[in-house]
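Report on the structure given below.
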Amino acid sequence: DGGITQSPKYLFRKEGQNVTLSCEQNLNHDAMYWYRQDPGQGLRLIYYSQIVNDFQKGDIAEGYSVSREKKESFPLTVTSAQKNPTAFYLCASSFSGTGGTEAFFGQGTRLTVV
Amino acid sequence: ILNVEQSPQSLHVQEGDSTNFTCSFPSSNFYALHWYRWETAKSPEALFVMTLNGDEKKKGRISATLNTKEGYSYLYIKGSQPEDSATYLCAPNLIFTGNQFYFGTGTSLTVIP
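Line order of the protein sequences matches chains P and U.
Heads up, the final residue of the first sequence is numbered 116 in our numbering, and it's a clean run with no missing numbers.
Heads up, the final residue of the second sequence is numbered 317 in our numbering, and it's a clean run with no missing numbers.
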C-alpha cells in the first residue's frame with residue numbers, strides 16, 4: 003500500500019539534545035513538507051522540499067534542519083536551538099507543480115522535551 | 205506568511221443538524237483551494253480541491269463552494285452525523301506559493317448524538 007510513514011509516534015528527549023524525526027513516502031511524490039502544531043493553533047510550515055537535494059524554509063524554520071538526499075525521505079532534526087520544541091509534528095507529501103494537487107499526510111510524531 | 209482565516213473556531217451541533225463554516229484567503233494570485241478533514245488520532249485527509257470561481261463540489265452529505273473574487277469558501281454538512289466530528293482545515297494555493305500548503309487554524313466540529 004502506498005503511503006507516508008512517520009516514526010516514532012511518540013518521542014521523549016531531554017532538553018539540549020538534538021532529535022531527528024523520520025518521514026518516508028512511497029507515493030513517488032516530488033514535494034515533501036514538515037508542519038508543527040501547537041495546542042489551539044493551526045499547522046505551521048517548518049520546511050518544504052520540491053525536489054531531491056533542495057529545500058526551503060517555511061515560516062518557523064529557526065531551530066530546525068532538514069535534508070532531502072532521497073526522494074522518499076525527508077527527515078527533520080529538532081536542534082537544541084529550538085526554544086520550544088515540545089509539539090506535534092506532521093509530515094506531508096504531494097506532487098510538485100503550480101498547485102491544485104492534494105497533500106497526503108503521515109500520522110504525526112508527538113515530541114516531548116523534558 | 206499567508207493570512208488564512210477559518211470560522212468559527214469550534215462548533216457543537218446535534219445529530220441531524222446541518223452546518224456550515226467559512227474559509228477566507230487572499231483573493232489575488234489565487235490558484236486552488238483545498239479542504240481537509242482531520243479526525244482525532246488519524247491523518248488529515250483531502251476532501252476537495254477547488255480551482256474555479258463558482259465551483260461547487262460534493263461528497264455525500266458534504267459540499268463546498270468557492271468564491272475566488274472575494275476570497276472565501278464555504279463548507280456545508282447536511283444532516284450531521286457523529287462520524288463527521290473532526291477538524292476541518294482549508295489551505296489555498298496561490299500562484300506565487302506554488303503547491304505549498306498554508307493552512308488555516310481549522311474549525312473543530314463536534315456532533316452530539
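In this text, a Cβ means the ideal position worked out from N, Cα and C, and glycines have one as well.
Check	Outcome
Looking at the secondary structure, which residues open and close the beta strand (DSSP E) in which U:P296 lies?	290 to 298
Against chain U, does P:L78 count as a neighbour if the rule is that its beta carbon must be under 7 Å from one of theirs?	no
Is U:E287 helix, strand or coil by DSSP?	helix
Which class does U:N224 belong to by DSSP, given the choice of helix, strand or coil?	strand
Would you check if the distance between the CB atom of U:L279 and the CB atom of U:W239 is smaller than 7 Å?	yes
Please name the residue or residues paired with U:I316 in a DSSP beta bridge.	U:Q218
P:E104 versus chain U: which residues are under 7 Å apart at the beta carbon?	H238, A250, V253
I need the boundaries of the beta strand (DSSP E) containing P:R15, first residue and last residue.	12 to 15
Who are the Cβ neighbours of U:S222 in its own chain at under 8 Å, not counting the five residues just before and after it?	Y280, I281, K282, G283, S284
From the DSSP output, read off the bridge partner residues of P:Q39.	P:L45, P:F90
Would you call the segment 41 to 54 of chain P and the segment 289 to 306 of chain U in contact, with 3 or more CB pairs under 8 Å?	yes
Is any beta-carbon of chain U found at less than 7 Å from that of P:F90?	no
For the 8 Å Cβ check, are there 3 or more pairs between the segment 16 to 33 of chain P and the segment 84 to 104 of chain P?	yes
Across the segment 82 to 91 of chain P and the segment 59 to 70 of chain P, are there enough close Cβ pairs to call them in contact, namely three or more that are closer than 8 Å?	yes
Helix, strand or coil, according to DSSP, for U:F229 in the structure here?	coil
Counting Cβ pairs closer than 8 Å, one from the segment 98 to 115 of chain P and one from the segment 259 to 270 of chain U, do we hit at least three?	no
In terms of residues, what are the limits of the beta strand (DSSP E) holding P:E64?	P:E64 -> no beta strand (DSSP E), and no H or E assigned at all.
Do U:L270 and U:L293 have their beta-carbon atoms positioned less than 7 Å apart in this structure?	no
From P:I6 to P:F76, what does the alpha carbon distance come to, in whole angstroms?	11 Å
Just to confirm, are P:T88 and P:V54 a CB contact at a threshold of 7 Å?	no
Need the endpoints of the beta strand (DSSP E) that U:S211 sits in, please.	209 to 211
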